[in-house]
Structures are given as C-alpha cells and as structure tokens.
DNA sequence: ATCTGGTTTTGACATCGATCAAATCTGCAT
DNA sequence: ATGCAGATTTGATCGATGTCAAAACCAGAT
C-alpha cells in the first residue's frame, strides 16, 4: 500500500526540480531542502492526511493526482483543489496554523515528495532563497485559488469546461485535440461540478464543435470556444 | 475625491500595525517598510486599480472596505473578495506576476496604506523578517481563500450566512447580538450571493431564531445556529 | 416631522445544477 | 473475443439561486 523511500525516478526528479519551491534554489539550499524530504508512493484512494490532524508535513505531487476536499454535515464531499504533478499542497500551514484544514487523498497511484514542516520552517528563516521560494509558491497558489473563486462565481458549467479546454489548447484559433490527463470524475471536482454536470456541459459544447471520445477532446474551432 | 498623504490617524496606525505584514517587524525593517508606504483616502465607489493594469503597488485597508471583483463577458460583476480593515490585497503579485488580475474598488469611504511593489520586493530579499511577514500574510490569505472555495461548494446560502454570523458571535451557546459592520450588499458579495438571496437566507434563518433589524442581528440560540 | 434617494425585501419566474436511478460505455483481465 | 467492474452518460425530477420588477424600509438632509 504505502511505500516510503528516498529514491526518485528520473521523471519524478525532473518534476520536483521544476516546482516553484525548488526551481530557483542554489546548491546548498537545495541540498538542505532535499535532506528534509522523503518520497512516498501510494495507490489510488489512499488518505494522505485528514482534516484536524497535526500538520507535520507538506507535499509536492510528483506523479498521479491528489484531491483536497472537505465534508459537510451530511457527509457530502466537495473538492477544494485537485493537485497535479508539480503542485504543492498544505504549504500554507508553514506559517498559517498547526492542523490540516481539509482531507487529502490520492486520486490515482501517486508519488509524493514529503517535506517536514518544522524543518522547512527553520530553513526558510535561515536561507533567503528558500524564503523566496516559499513566497513564490504561495503567491502562485493564492492566485490560482482566487481564480477558482472567480471562475465558480462568474461562469456556468459549459464556460468552465471551455476555459479548462482552452488552457490546454494551442494559442492559435484553428482545430485542436487534447487528451485529458485523468478521469472525468476528477475534472468535475476541479471545476466544482458533479460528474453528471460535467457530462452535460460537454454535450452542450458539442454545439460549439467539441467532440469527446473517452479522454480525447477534439475542438473544431478554438476561437469559437472562447466566445462561449 | 482622492487624497494622498503621509499622515496616519491613530486608529489607522493601530490597524496597520496589526496586519500580519507589519505586526512582527523589528524597528529597522518597520521603518524601511513605512518609508515605502503612503496613505490614500478615497470616497465610496472609487476605482483603486483595474484588471490588466500594471501592478505597481499593493494595499492594506486601514478603514472602510474594498471590493475585489471580475467581470464576465456580459458585464456581470462577481465579487472575489471583500477586504476589511487589516486586510491586504494584491500582495500576491509581489512574486506572482506584473499585472492586476481583478478590479479593486472602494465600497465605502476608505483609507488605504499603499506599498510600492518593487520596493517591498527588494526589501523582502534583504530582510529576513520582512520575507517572513510576507509569508505569513500570504499563508493566511491563502487559507481564507481556500475556505471560501470550500464554503461556496459545500454550503447553501442560509448555511453560509449562519457561518458568517457564528464567526462574530461569542463562543458560548446562549443568545447574542451583533451589528454588521457594512451594508448587506457587501455581505452578499462576500458570501458569493445576490443581495436578494442574502435577504432570503436571513428570512430562512428566522425559523432558527435569528432576528434582523437593519444592521443588527439577534441570535436566539447560538448553538442552534451551528446545527443548520 | 417630512422628504428623498438609496437599500432591502418580497414576489414571480427562469435557469442552473444536484440528485437518484437506469442505461451505456470503456478498459482491462481472462 | 468475452465478461466484468467501474466510469460515464442519459433521463427525470427537485431544489437552490439568479433575475427582474415592484413594494417597503431606512437614514440622513431639510
């Protein structure tokens, strides 16, 4: 089930080095960060942490996907964020509190880099470039989260889906084809929709020249999608 | 209309010193931060900046309120965040980009502390405690924004209103009375609701012993409100 | 006390998206 | 190829919330 070690595959290492957290670090800081890191591999649907637990680590997704979610009183789950390779989560607790604020669970077989919270906290106080890396990471994360709020409040389901497709389409206006990197289930959670609503949004977009077959999405006219 | 100076009222100064941004700073760092700050006073409904403009300053609300919002294609506005005294906004652009991502406008007569973006960027690189203050501020801000997403996706209008009331009620379970610090209009935006929906949420809560008269909200039984 | 402009509430309605159940599809294992 | 389990789509329905219009309310100015 759970497999913890210190070996990184080449691909995982490449992902790790491109996170805002590590990408700008110099030799020495990098070594110190890495010495407080361990690698965790989990199969699908495993809990990483639960709301209310003591926050003694934050994580970076190396491969696979992680769902951050909360429960309401009735036990209904709502995804707050879907983390893809390169994303960091729970790093806001470095200075923001001592307990996890939501549940985290794998949404596929997943490999994580695990950073000891207290160790990084100390490091950030000592090394300027680590502090800067923390700031960069938090800034980006905050911006995408604010975008998420705006997206939820401003756009309908088909618009959100169109937006998502557009973010992974070539910039020019012609036809394009993309492949979802995960199940539609996850995409629904990412966009704050029930899976059925996502499905219906796709079928609405058919009128705009979007074809969906399995994970492959074909867009007849990228420009037309922008007008939705 | 717009009135910029370097004088701080005692109350504004007290608010400023309690922001995560400044509260932990030592004498020297504090002086340097303050030397890159100016005070701006604006009347109601004045634009502070607009989406897409060059981000050359971030702000802290000293008194009054600020609405951050975006427009959709049809021109409908959606509030992303309502900033109260003590809140900082646009500070995520310190390291996250060069253009404002949303509109900011006063929602009352408002006094702001304006910080020069580039100057603080430089300062944060030099002074450890300033970097730390930035991190603390971003962390808190990120957490409340994630809470906002969760709240939007998980709770109905009456539940959100109940939550809001509870955050400003004494902790014990008895009766309580609070006074809204602003128009219901703003509260609606804060909770991601149309004003009419807020009004209806209040009337739903009447069944749970909540009485609203103008800005005064009386809660019969705080504990009962938690069960909504 | 009264007027007045802006805010809030209420009503009627349309729309969106959630939910539940059933049918279909897909990919994987045999 | 075949079968299965899980994922996705579709259908039917319901509830929640946005929208528009009108009435009621409120607060500050006269």
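Residue numbers (the numbering used here), protein chains in the order written: chain Z, 192 to 419; chain A, 192 to 419. Beta carbons: idealized from backbone N, C-alpha and C, even for Gly. Computed from a predicted model, the values in this text were never measured in an experiment.
Residue 321/Z places its beta carbon 9 Å or farther from that of residue 225/Z. Taken through DSSP and simplified to helix, strand or coil, residue 339/Z comes out as helix. CA-to-CA, the gap between residue 393/Z and residue 280/Z works out to about 29 Å. For residue 395/A, the enclosing alpha helix (DSSP H) begins and ends at 386-397.
When C-beta distances to chain A are compared with 7 Å, the residues of the stretch 341-373 of chain Z below that value are 341, 343, 344, 345, 346, in chain order. About 6 Å separates the Cβ atoms of residue 303/A and residue 253/A, confirming a contact at the 8 Å cut-off. Residue 290/A carries a strand assignment under DSSP once its states are collapsed to helix, strand and coil. At least one C-beta of chain A is nearer than 9 Å to the C-beta of residue 286/Z.
Here residue 318/Z is buried: its Cβ has 16 or more other Cβ atoms, across all protein chains shown, within 10 Å. In the structure shown, residue 301/A adopts extended strand secondary structure according to DSSP, grouped into three states.
Under the 8 Å Cβ criterion, the stretch 355-373 of chain Z counts as touching the stretch 401-415 of chain Z, having at least three qualifying pairs.
Taking C-beta atoms under 8 Å as the contact rule, residue 382/A and residue 351/A qualify, at a distance of about 5 Å.
Burial state of residue 220/A is buried, judged by a 10 Å Cβ sphere holding 16 or more other Cβ atoms. At a beta-carbon threshold of 7 Å, the residues of chain A lying near residue 329/Z are 326, 329, 330, 333, ordered along the chain. From the beta-carbon of residue 383/Z, the residues of chain A found nearer than 9 Å are 340, 343, 344. Residue 298/Z is a Cβ neighbour of residue 258/Z, given a cutoff of 9 Å. Leaving aside the five residues that flank residue 380/Z on each side, the residues in its chain whose CB is nearer than 7 Å to its CB run, in chain order, 258, 270, 273.
Here the stretch 207-214 of chain Z makes contact with the stretch 322-329 of chain Z; the two share three or more CB pairs at distances below 8 Å. Legend: CB atoms of the stretch 380-406 of chain Z lying less than 8 Å from CB atoms of chain A belong to residues 383. Our two residues, residue 275/A and residue 256/A, have alpha carbons roughly 5 Å apart in a direct line. Following the DSSP letters along the chain, one finds residue 402/A in no alpha helix (DSSP H) but inside the beta strand (DSSP E) bounded by residues 401-404.
A distance below 7 Å between beta-carbons, with the five flanking residues on each side excluded, links residue 236/A to the following residues of its chain, in chain order: 296, 297. Under a 10 Å Cβ-count criterion, residue 309/Z is classified as exposed, with fewer than 16 other Cβ atoms of the shown protein chains found around its own Cβ. When DSSP states are grouped into helix, strand and coil, residue 235/Z belongs to the coil group. About 6 Å separates the Cβ atoms of residue 417/Z and residue 357/Z, confirming a contact at the 8 Å cut-off. Of the candidates 291/Z, 315/Z, 329/Z, 249/Z, 249/Z places its Cα closest to the Cα of residue 306/Z.
Taking CB atoms only, residue 323/Z has a neighbour in chain A less than 9 Å away.
One finds nothing in chain A with a Cβ atom closer than 9 Å to the Cβ of residue 210/Z; even the nearest lies about 14 Å away. Residue state for residue 267/Z is assigned as coil, using DSSP reduced to three classes. One finds nothing in chain Z with a Cβ atom closer than 8 Å to the Cβ of residue 291/A; even the nearest lies about 11 Å away. Residues of the same chain with a CB within less than 8 Å of the CB of residue 389/A, apart from the 5 flanking positions on each side, are 348, 352, 375, 378, 379, 382 in chain order. Just measuring C-alpha positions, the residue of 402/A, 238/A, 244/A sitting nearest residue 368/A is 402/A. Rounded to the nearest angstrom, the gap between the Cα atoms of residue 339/A and residue 342/Z is 13 Å. Using a CB distance cut-off of 9 Å, residue 270/Z counts as an interface residue toward chain A.
Taking the beta carbon of residue 336/Z as reference, the chain A residues within 7 Å of it are 333, 336, 337, 340, listed in sequence order. Assigned with DSSP and collapsed to three states, residue 362/Z falls in coil, not helix or strand.
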